[in-house]
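Residue numbers (the numbering used here): 1 to 217.
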């Protein structure tokens, strides 16, 4: 049993994976308190060689999908085998502060009235230079950068696999109808902007934004 499960899904972003894992290997929380589960959603790619470079300091498990399943299905695979009390997602092209897991988990340890906690984030470019600072609330919320209690995610049914994009926004929308979330005003997440960002697909983004606004029947 771990305190935290960190979920990473990798698809066409292999070149960023080592930087992501290195930031997780340098956490101030003890490495025996968290696990990292990685789904390789690209059958044509091999990621074991990258993961093995940090296997001495990270508890890593790898799931190799036999075919591309998409992000929400891959995240649900992780949730179904997670052994952490808390769950947090980090995209493979992003990276985090060394205090990321420690501060978020300590908040949940000390504030049982809240079941999730987010942090602020900074957008960075391809070389890691800071572009700007964002507050992870309301319109600036991102799919990552939020730690949840595992039990609360079980109650809302994990990710909706019909959302091939905006799956995190849908999750938070459903989550906050039932549970309390707090935002720590600390920019501990680095959201990398590059030409392959999924949100660059404006047509798909608009499609799933429309689904988010669709009233329940």
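Note that beta-carbon positions come from the ideal geometry of N, C-alpha and C, so glycine has one too.
Which stretch, first to last residue, makes up the alpha helix (DSSP H) that contains residue i?
{"i": "residue 174", "result": "167 to 175"}
{"i": "residue 85", "result": "That residue, residue 85, is in no alpha helix (DSSP H); its beta strand (DSSP E) goes 84 to 89."}
{"i": "residue 109", "result": "100 to 110"}
{"i": "residue 159", "result": "First-last for residue 159: undefined, no H or E at that position."}
Just the C-alpha distance for residue i and residue j, rounded to the nearest angstrom, thanks.
{"i": "residue 39", "j": "residue 113", "result": "32 angstroms"}
{"i": "residue 192", "j": "residue 115", "result": "27 angstroms"}
{"i": "residue 24", "j": "residue 177", "result": "31 angstroms"}
{"i": "residue 128", "j": "residue 92", "result": "14 angstroms"}
{"i": "residue 186", "j": "residue 146", "result": "12 angstroms"}
{"i": "residue 82", "j": "residue 41", "result": "18 angstroms"}
{"i": "residue 215", "j": "residue 163", "result": "The predicted model places residue 215 with a pLDDT of 44, which falls under 50 and marks its position as unreliable, so this point remains unresolved."}
{"i": "residue 141", "j": "residue 96", "result": "16 angstroms"}
{"i": "residue 15", "j": "residue 179", "result": "36 angstroms"}
{"i": "residue 94", "j": "residue 8", "result": "10 angstroms"}
{"i": "residue 110", "j": "residue 19", "result": "31 angstroms"}
{"i": "residue 152", "j": "residue 118", "result": "15 angstroms"}
{"i": "residue 49", "j": "residue 70", "result": "23 angstroms"}
{"i": "residue 137", "j": "residue 4", "result": "23 angstroms"}
Taking 6 angstroms as the limit between beta carbons, can you name the residues of its chain near residue i, skipping five residues before and five after?
{"i": "residue 158", "result": "76 and 79"}
{"i": "residue 161", "result": "72 and 73"}
{"i": "residue 168", "result": "143"}
{"i": "residue 100", "result": "188"}
{"i": "residue 65", "result": "41"}
{"i": "residue 13", "result": "92 and 93"}
{"i": "residue 60", "result": "36 and 51"}
With respect to the beta strand (DSSP E) encompassing residue i, which residues constitute its N-terminal and C-terminal limits?
{"i": "residue 120", "result": "116 to 124"}
{"i": "residue 189", "result": "181 to 192"}
{"i": "residue 3", "result": "2 to 10"}
{"i": "residue 130", "result": "130 to 134"}
Within the same chain, show all residues whose beta-carbon is closer than 7 angstroms to that of residue i, passing over the 5 residues directly before and after it, in chain order.
{"i": "residue 171", "result": "159"}
{"i": "residue 174", "result": "156"}
{"i": "residue 131", "result": "123, 124, 125 and 193"}
{"i": "residue 150", "result": "82, 84, 85, 86 and 87"}
{"i": "residue 133", "result": "120, 122 and 187"}
Counting only the same chain and skipping the five closest in sequence on each side, list residues whose C-beta sits under 8 angstroms from that of residue i.
{"i": "residue 98", "result": "23, 26, 27 and 28"}
{"i": "residue 135", "result": "120, 183 and 185"}
key: Contiguous beta strand (DSSP E) assignments of at least 3 residues, all confined to the stretch 25 to 71   = Taking only runs of at least 3 residues, the beta strand (DSSP E) segments lying wholly in the stretch 25 to 71 are 34 to 40 and 60 to 64.
query = Quick check: the stretch 54 to 71 against the stretch 98 to 105, are there 3 or more CB pairs under 8 angstroms?
reply = By the Cβ rule, the stretch 54 to 71 does not count as touching the stretch 98 to 105, because fewer than three pairs are nearer than 8 angstroms.
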